[in-house]
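**Q**
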Amino acid sequence: MEYNPKEIEAKWQNYWNENGSFEPLNDLKKEKKYILSMFPYPSGRIHMGHVRNYCLGDAFARYFRKADFNVLHPIGWDSFGMPAENAAIKHKLHPKKWTYENIDYMRDELKALGLSFSTKREFATSDELYTRWEQEFIIKMYEAGLLYRKSTIVNWCEPCHTVLANEQVEEGCCWRCDTPVEQKEMPGYYIAITKYAQELLDDLKTLEGQWPSQVLTMQENWIGRSEGLEFSFELSKESRYKLDKQFASYKVFTTRPDTIYGVSYSALAPEHPIVKYIVEHKLLPDSKIEAIKAMQKVSERDRATMPKEGISLEIDVIHPLTAKKIPVWVANFVLSSYGGGAVMAVPAHDQRDFEFAREYNLPIKQVIVGPDGIIEKMSEAYTGEGELIDSESFTGHKNTKAKKSIMYHFEQNSLGTKQINFKLRDWGVSRQRYWGAPIPFVHCDSCGLVPEKTENLPIALPEDVEITGEGNPLDNHPTWKKCKCPKCGKDAIRETDTLDTFVQSSWYFLRYATNPQKWTKEGISKPDSDYWMDVDQYIGGIEHAILHLLYARFFTKVLNDLGYTNSREPFKRLLTQGMVLKDGAKMSKSKGNVVDPDLIVEKYGADTARMFILFAAPPTKELEWNDSAVDGAFRFIKRFTDRSSNVTEDAVKNFKEIDHKTLNKEEKEARRKVYEALQKSNDVFNKTYAFNTLIAASMEAMNALQSQENELVWAEGYYILTNILEPIIPHLCWELSDKLFNKENFNNKIEIKDEVFEQDSIILAVTINGKKRCEIEVSPNASKDEILSIAKEHSAKWLEGNEIIKEIVVPNKLVNLVIKG
Ligand SMILES: [Zn+2]
Ligand SMILES: [Zn+2]
Numbered sequence: 001m002e003y004n005p006k007e008i009e010a011k012w013q014n015y016w017n018e019n020g021s022f023e024p025l026n027d028l029k030k031e032k033k034y035i036l037s038m039f040p041y042p043s044g045r046i047h048m049g050h051v052r053n054y055c056l057g058d059a060f061a062r063y064f065r066k067a068d069f070n071v072l073h074p075i076g077w078d079s080f081g082m083p084a085e086n087a088a089i090k091h092k093l094h095p096k097k098w099t100y101e102n103i104d105y106m107r108d109e110l111k112a113l114g115l116s117f118s119t120k121r122e123f124a125t126s127d128e129l130y131t132r133w134e135q136e137f138i139i140k141m142y143e144a145g146l147l148y149r150k151s152t153i154v155n156w157c158e159p160c161h162t163v164l165a166n167e168q169v170e171e172g173c174c175w176r177c178d179t180p181v182e183q184k185e186m187p188g189y190y191i192a193i194t195k196y197a198q199e200l201l202d203d204l205k206t207l208e209g210q211w212p213s214q215v216l217t218m219q220e221n222w223i224g225r226s227e228g229l230e231f232s233f234e235l236s237k238e239s240r241y242k243l244d245k246q247f248a249s250y251k252v253f254t255t256r257p258d259t260i261y262g263v264s265y266s267a268l269a270p271e272h273p274i275v276k277y278i279v280e281h282k283l284l285p286d287s288k289i290e291a292i293k294a295m296q297k298v299s300e301r302d303r304a305t306m307p308k309e310g311i312s313l314e315i316d317v318i319h320p321l322t323a324k325k326i327p328v329w330v331a332n333f334v335l336s337s338y339g340g341g342a343v344m345a346v347p348a349h350d351q352r353d354f355e356f357a358r359e360y361n362l363p364i365k366q367v368i369v370g371p372d373g374i375i376e377k378m379s380e381a382y383t384g385e386g387e388l389i390d391s392e393s394f395t396g397h398k399n400t401k402a403k404k405s406i407m408y409h410f411e412q413n414s415l416g417t418k419q420i421n422f423k424l425r426d427w428g429v430s431r432q433r434y435w436g437a438p439i440p441f442v443h444c445d446s447c448g449l450v451p452e453k454t455e456n457l458p459i460a461l462p463e464d465v466e467i468t469g470e471g472n473p474l475d476n477h478p479t480w481k482k483c484k485c486p487k488c489g490k491d492a493i494r495e496t497d498t499l500d501t502f503v504q505s506s507w508y509f510l511r512y513a514t515n516p517q518k519w520t521k522e523g524i525s526k527p528d529s530d531y532w533m534d535v536d537q538y539i540g541g542i543e544h545a546i547l548h549l550l551y552a553r554f555f556t557k558v559l560n561d562l563g564y565t566n567s568r569e570p571f572k573r574l575l576t577q578g579m580v581l582k583d584g585a586k587m588s589k590s591k592g593n594v595v596d597p598d599l600i601v602e603k604y605g606a607d608t609a610r611m612f613i614l615f616a617a618p619p620t621k622e623l624e625w626n627d628s629a630v631d632g633a634f635r636f637i638k639r640f641t642d643r644s645s646n647v648t649e650d651a652v653k654n655f656k657e658i659d660h661k662t663l664n665k666e667e668k669e670a671r672r673k674v675y676e677a678l679q680k681s682n683d684v685f686n687k688t689y690a691f692n693t694l695i696a697a698s699m700e701a702m703n704a705l706q707s708q709e710n711e712l713v714w715a716e717g718y719y720i721l722t723n724i725l726e727p728i729i730p731h732l733c734w735e736l737s738d739k740l741f742n743k744e745n746f747n748n749k750i751e752i753k754d755e756v757f758e759q760d761s762i763i764l765a766v767t768i769n770g771k772k773r774c775e776i777e778v779s780p781n782a783s784k785d786e787i788l789s790i791a792k793e794h795s796a797k798w799l800e801g802n803e804i805i806k807e808i809v810v811p812n813k814l815v816n817l818v819i820k821g
């Protein structure tokens with residue numbers, strides 16, 4: 001048979017399409033598998049990263065479909081977001097037109113790869129019907145106290161009159177007009193993810209072994225739970241007067257109460273109320289006030305990467321245990337959002353505090369001594385364990401114990417309390433942009449903030465907008481925001497903020513799980529989600545390890561609490577695929593090292609592209625593009641096609657009657673290799689994900705088949721190989737299976753035959769006094785005596801004239817004879 005990928009691939013893609021071959025069944029009693037690759041952003045064209053992501057997901061879906069599961073394998077589009085607006089500014093294209101044209105183009109590109117998606121469940125998150133349900137969830141979250149509005153600091157460009165995302169700030173300036181960005185306080189909507197912080201952390205345990213441990217660690221660190229002590233620093237009397245008696249104390253949080261006697265200064269965030277008060281009332285020399293103002297202009301994110309910087313506030317606080325005065329500074333490394341925006345600083349035992357103290361000549365007091373004892377001149381902070389010194393009644397205690405006893409001391413004397421703190425912050429979901437889901441609220445002069453009535457949903461975007469990059473197009477629209485208050489009916493103003501696009505990707509998998517016939521009536525069908533959830537296998541890039549996966553886990557828990565689903569942890573198993581590289585670097589237009597998937601499909605066919613991408617590296621590892629390996633995949637596929645002529649009609653009828661015992665050595669070896677590949681296939685899809693090893697095993701099986709001439713063995717070989725290679729090179733396997741077996745091997749589970757693994761003989765090494773002398777071939781059932789007699793016979797020349805004093809048989813391995821002389 002001639003290999004003609006163009007013809008075969010078009011033929012089967014049409015067949016699958018016409019027959020709805022990949023639609024899940026509505027039979028909710030059958031065992032299911034929900035296989036999901038993270039859905040794409042419709043940026044314009046697919047790239048090799050997409051090919052890898054979707055070929056992996058497709059392989060799982062096809063494998064489990066053949067293993068007789070009811071498989072849900074959907075696709076859709078994460079289609080709101082900034083690039084559409086940027087394209088609108090650049091090319092004067094409406095974001096909606098740009099987005100949906102991209103979707104049409106990319107859908108065809110994915111189709112050309114032969115991916116087995118359910119087409120009936122496809123949607124774009126910018127579809128009004130999807131927005132409708134999302135807005136309902138947002139309102140329900142507001143009613144449950146999980147969504148609120150508060151003022152917060154944002155990046156602001158005055159000339160453009162717009163809020164900028166962090167990615168739009170380039171070296172402190174606006175990406176569009178290059179003006180320095182300001183930090184401005186603006187109201188915005190927040191989702192209270194912190195209320196779920198403990199559960200999000202605890203449930204990571206249930207994913208151990210199912211998710212990459214690296215991802216679990218990243219999530220754990222992001223949630224950042226810490227236990228520590230919260231206490232107050234009282235301001236000294238003079239400082240209280242200096243601050244017009246407006247402040248008496250402030251709270252600090254520390255995870256290291258054991259170092260409290262080493263505190264030598266305290267530092268406040270630039271946003272701390274005391275700092276603001278000092279600036280507003282000019283309580284310091286002008287030069288200091290200007291320096292603090294400059295510090296306040298830099299975003300927290302940028303401060304994190306800047307050199308440590310601080311200014312003395314010329315006030316003191318009283319140490320809660322020693323009653324000594326401690327100077328207070330404002331420092332750029334203190335986060336306003338963590339532990340109240342104030343810290344105690346212990347330079348001897350915290351590296352950041354140490355660097356700051358050295359920069360500004362602040363005292364460094366060692367209070368824990370490790371194995372090196374007292375360090376005369378510290379060159380870095382000592383962060384190890386040890387014994388307390390200079391710590392009043394705690395002197396001599398081990399610091400791990402002192403942590404607890406000092407905390408206890410604070411609590412007993414009402415000086416402070418034990419606190420659990422999380423790094424995780426509430427999720428700011430407001431975006432001042434057009435191409436997003438409108439936040440469904442109304443501002444009424446009489447009623448305040450009012451959620452829209454559900455019967456008025458969706459609140460859709462107006463189509464007649466001008467997108468210039470200046471201001472918020474929804475805010476600038478002449479009529480859109482004018483509305484009636486849903487509560488009192490008076491004139492009101494519609495909210496013009498739209499939702500962060502991470503909101504859409506936080507529940508799309510629950511939407512897929514809902515039968516599309518219910519989509520207009522329900523956002524998520526509970527019985528459908530009971531059946532399909534949780535996702536059995538989720539596949540996507542490691543770049544989503546934190547935000548997307550955390551938000552999706554959180555949203556599922558919230559939707560569960562709101563009664564929409566019984567799922568609580570959405571993704572049972574996670575596979576994070578590695579990047580596709582060329583010449584050692586990530587493919588990118590700017591580097592000029594992009595390989596266009598369309599061209600590979602055009603030149604070699606989709607099956608070759610699929611095989612290469614799964615064969616070139618284990619899925620979690622980086623994959624280096626390699627033209628000769630692409631050729632290699634193509635040659636294997638061609639050979640697999642050619643050799644199919646060895647499968648005769650007669651053999652197809654009779655191969656199930658093969659009598660293994662009567663086969664010769666090569667025939668037995670061929671069968672063994674074929675069944676090894678079958679076994680590998682089950683391991684790969686259920687356990688190891690090592691698709692490359694499955695392809696290698698299939699190649700070995702092909703080589704072994706070619707070393708023999710038994711037609712029955714050929715037929716059985718193709719019966720099995722076309723089955724196990726179908727998830728990888730589906731077009732050709734459907735063609736061959738249809739031609740040779742009438743697709744019977746896709747419908748029946750193929751059992752592994754143990755007889756093929758039974759070996760006729762085994763090879764044992766014979767050693768004399770530990771030195772290998774020869775090898776013998778024996779039956780696997782041979783007794784110890786038989787083995788020894790064969791071994792002695794074969795090694796007679798080395799034994800001659802010597803007395804054997806010991807005989808050892810190590811089963812399946814070797815015979816060792818010990819002689820005297
Ligand atoms: Zn600007
Ligand atoms: Zn009202």
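Residues 1 to 821 in full-length UniProt numbering are what the sequence shown spells out, letter by letter.
Cβ atoms here follow ideal geometry from the backbone N, Cα and C, with glycine treated the same way.
Note that the structure is a prediction, hence the values are computed from the model and not measured.
So what's M378 in DSSP terms, helix, strand or just coil?
**A** The sequence position of residue 378 within the sequence shown is 378, counting from 1. If DSSP states are grouped into helix, strand and coil, M378 belongs with coil.
**Q** Is any heavy atom in ligand 2 found nearer than 7 Å to the beta carbon of C447?
**A** Reading the sequence shown from its first residue, position 447 is the one you call residue 447. Yes.
**Q** At a cut-off of 7 Å, is T468 close to ligand 1 when judged by its beta-carbon and the heavy atoms of the ligand?
**A** Position 468 of the sequence shown holds residue 468. Checking every heavy atom of ligand 1 against the Cβ of T468, none is found closer than 7 Å.
**Q** At a cut-off of 7 Å, is C485 close to ligand 2 when judged by its beta-carbon and the heavy atoms of the ligand?
**A** Indexing the sequence shown from 1 puts residue 485 at position 485. C485 Cβ: within cutoff of ligand 2.
**Q** Mind the definition here: the segment 330 to 337 touches the segment 294 to 301 only if three or more C-beta pairs lie below 8 Å; say whether that holds.
**A** Segments in contact, yes.
**Q** Is it true that the CB of Y148 sits closer than 8 Å to the CB of A192?
**A** The residue you call residue 192 lines up with position 192 of the sequence shown. The residue you call residue 148 lines up with position 148 of the sequence shown. It is a contact, given that the beta carbons lie within the stated cut-off.
**Q** Residues bridged to R494 by DSSP?
**A** Position 494 of the sequence shown, counting from 1, holds the residue named residue 494. Its beta-bridge partners are V442.
**Q** Give me the Cα-Cα distance between A248 and S151, rounded to the nearest whole angstrom.
**A** In the sequence shown, residue 248 corresponds to position 248, counting from 1. In the sequence shown, residue 151 corresponds to position 151, counting from 1. Cα to Cα, A248 sits roughly 25 Å from S151.
**Q** Give every residue of the same chain whose Cβ lies closer than 8 Å to the Cβ of F69, excluding the five residues on either side of it in the sequence, and list them in chain order.
**A** Taking the sequence shown and counting its residues from 1, one reaches residue 69 at position 69. The residues are K30, E31, K32 and K33.
**Q** Looking at the strands, I want to know which residues DSSP matches up with C483.
**A** Within the sequence shown, residue 483 is the residue found at index 483, counting from 1. According to DSSP, which records beta bridges pairwise, C483 is partnered with A492.
**Q** Just to confirm the assignment, what range does the alpha helix (DSSP H) spanning residue 881 have?
**A** Lying before the first or after the last residue shown, residue 881 is absent from the chain, which here runs from 1 to 821.
**Q** Among the candidates P527, K687 and T206, whose CA atom is the shortest distance from the CA of L28?
**A** The residue given as residue 28 occupies position 28 in the sequence shown. When only C-alpha atoms are compared, the closest one is P527.
**Q** Short of 6 Å in beta carbon distance, which residues of its chain neighbour V809, apart from the five on each side in sequence? Order them along the chain.
**A** By one-based count along the sequence shown, residue 809 stands at place 809. K784, I787 and V815, listed in sequence order.
**Q** Given a cut-off of 8 Å on the beta-carbon distance, is the pair L268 and V275 in contact?
**A** As a first step, residue 268 must be located in the sequence shown, where it is residue number 268. As a first step, residue 275 must be located in the sequence shown, where it is residue number 275. A contact, by the Cβ cut-off of 8 Å.
**Q** Below 8 Å CB to CB, which residues in the same chain sit around T620 once its five sequence neighbours on both sides are set aside?
**A** Residue mapping note: residue 620 aligns to position 620 of the sequence shown, counting from 1. Excluding sequence neighbours, T620 sits near P212, L575, T576, Q577, G578 and Y689.
**Q** Taking 8 Å as the cut-off, decide whether the C-beta atoms of A345 and H272 are in contact.
**A** As a working note, residue 345 is residue 345 in the sequence shown. As a working note, residue 272 is residue 272 in the sequence shown. No.
**Q** By a C-beta neighbour count over all protein chains shown, 10 Å radius and 16 as the cutoff for buried, is K481 buried or exposed?
**A** Start at 1 with the first residue of the sequence shown, and residue 481 comes out as number 481. Its Cβ being crowded by 16 or more others within 10 Å, K481 is buried.
**Q** Taking the C-alpha atoms as reference points, what is the distance between F64 and I763?
**A** Taking the sequence shown and counting its residues from 1, the one referred to as residue 64 is at position 64. Taking the sequence shown and counting its residues from 1, the one referred to as residue 763 is at position 763. Near 39 Å, if we compare the C-alpha coordinates of I763 and F64.
**Q** State whether the segment 416 to 428 contacts the segment 177 to 187, with contact taken as three or more CB pairs (one from each stretch) at a distance under 8 Å.
**A** Touching, no.
**Q** Run through DSSP, which three-state label would R425 get?
**A** The sequence position of residue 425 within the sequence shown is 425, counting from 1. Reduced to three states, the DSSP call for R425 is coil.
**Q** Is R568 helix, strand or coil when you go by DSSP?
**A** Counted from its first residue, the sequence shown places residue 568 at position 568. Residue state, collapsed to three classes: coil.
**Q** Going straight from the alpha carbon of A67 to that of T99, what length do you get?
**A** The sequence position of residue 67 within the sequence shown is 67, counting from 1. The sequence position of residue 99 within the sequence shown is 99, counting from 1. So the alpha carbons of these two residues sit roughly 37 Å apart.
**Q** Would you list, in sequence order, the uninterrupted beta strand (DSSP E) runs of no fewer than 3 residues that lie entirely inside the UniProt domain "Methionyl/Leucyl tRNA synthetase" (34 to 178)?
**A** As far as the UniProt domain "Methionyl/Leucyl tRNA synthetase" (34 to 178) is concerned, its whole beta strand (DSSP E) runs of at least 3 residues are 70 to 72, 147 to 157 and 162 to 164.
**Q** Compute the Euclidean distance between the alpha carbons of D390 and E300, then round it to the nearest angstrom.
**A** Here residue 390 refers to the residue found at position 390 of the sequence shown. Here residue 300 refers to the residue found at position 300 of the sequence shown. In a straight line, the C-alpha of D390 is about 36 Å away from that of E300.
**Q** Could you have a look at K765 and say whether DSSP puts it in helix, strand or coil?
**A** Your numbering for residue 765 matches position 765 in the sequence shown. Note that residue 765 corresponds to Ala in the displayed sequence, not to Lys. It is a strand residue.
**Q** Following a CB-centred definition, is K490 positioned closer than 7 Å to any heavy atom of ligand 2?
**A** Counted from its first residue, the sequence shown places residue 490 at position 490. Yes, the beta carbon of K490 sits closer than 7 Å to at least one heavy atom of ligand 2.
**Q** Answer yes if the segment 19 to 26 comes into contact with the segment 76 to 88, meaning at least three C-beta pairs across the two stretches below 8 Å, and no otherwise.
**A** As far as the Cβ criterion goes, the segment 76 to 88 does not touch the segment 19 to 26, which means the pair count is below three.
**Q** Please report the straight-line C-alpha distance between K680 and E807, rounded to a whole angstrom.
**A** Translated into the one-based positions of the sequence shown, residue 680 becomes position 680. Translated into the one-based positions of the sequence shown, residue 807 becomes position 807. Whole-angstrom Cα-Cα distance: 39 Å.
**Q** Quick check on the DSSP output: the alpha helix (DSSP H) that includes residue 852 runs from which residue to which?
**A** No answer is possible for residue 852: the residues shown for the chain start at 1 and end at 821.
**Q** Does P187 pass the burial test, meaning 16 or more other C-beta atoms within 10 Å, or should it be called exposed?
**A** In the sequence shown, the residue the question calls residue 187 occupies position 187. It is exposed - the Cβ of P187 has fewer than 16 other Cβ atoms within 10 Å.
**Q** State yes or no: is the C-beta of V450 nearer than 7 Å to some heavy atom of ligand 2?
**A** One-based indexing of the sequence shown puts residue 450 at position 450. Answer for V450: yes, Cβ within range of ligand 2.
**Q** Using three-state DSSP, classify T643 as helix, strand or coil.
**A** On the sequence shown, residue 643 is found 643 positions in, with the first residue counted as 1. Reading the sequence as shown, one finds Arg at residue 643 and not Thr. Three-state DSSP puts R643 in a helix.
**Q** Would you say the segment 444 to 456 touches the segment 478 to 493, given that touching needs at least three Cβ pairs under 8 Å?
**A** In short, these stretches touch, since the Cβ pair count reaches three.
**Q** Let me know the secondary structure DSSP gives L284 once reduced to three states.
**A** Position 284 of the sequence shown holds residue 284. Note: L284 maps to coil in three-state DSSP.
**Q** Tell me whether Y265 sits in a helix, a strand or coil according to DSSP, three-state version.
**A** For the purposes of this step, residue 265 is taken as the residue at position 265 of the sequence shown. Correct three-state label for Y265: strand.
**Q** Y733 lies in the beta strand (DSSP E); which residues open and close that run?
**A** Residue 733 sits at position 733 when you count from the first residue of the sequence shown. With the sequence shown as reference, residue 733 is identified as Cys, and Tyr is not the correct amino acid for it. C733 -> not in any beta strand (DSSP E); alpha helix (DSSP H) instead, spanning P730 to F741.
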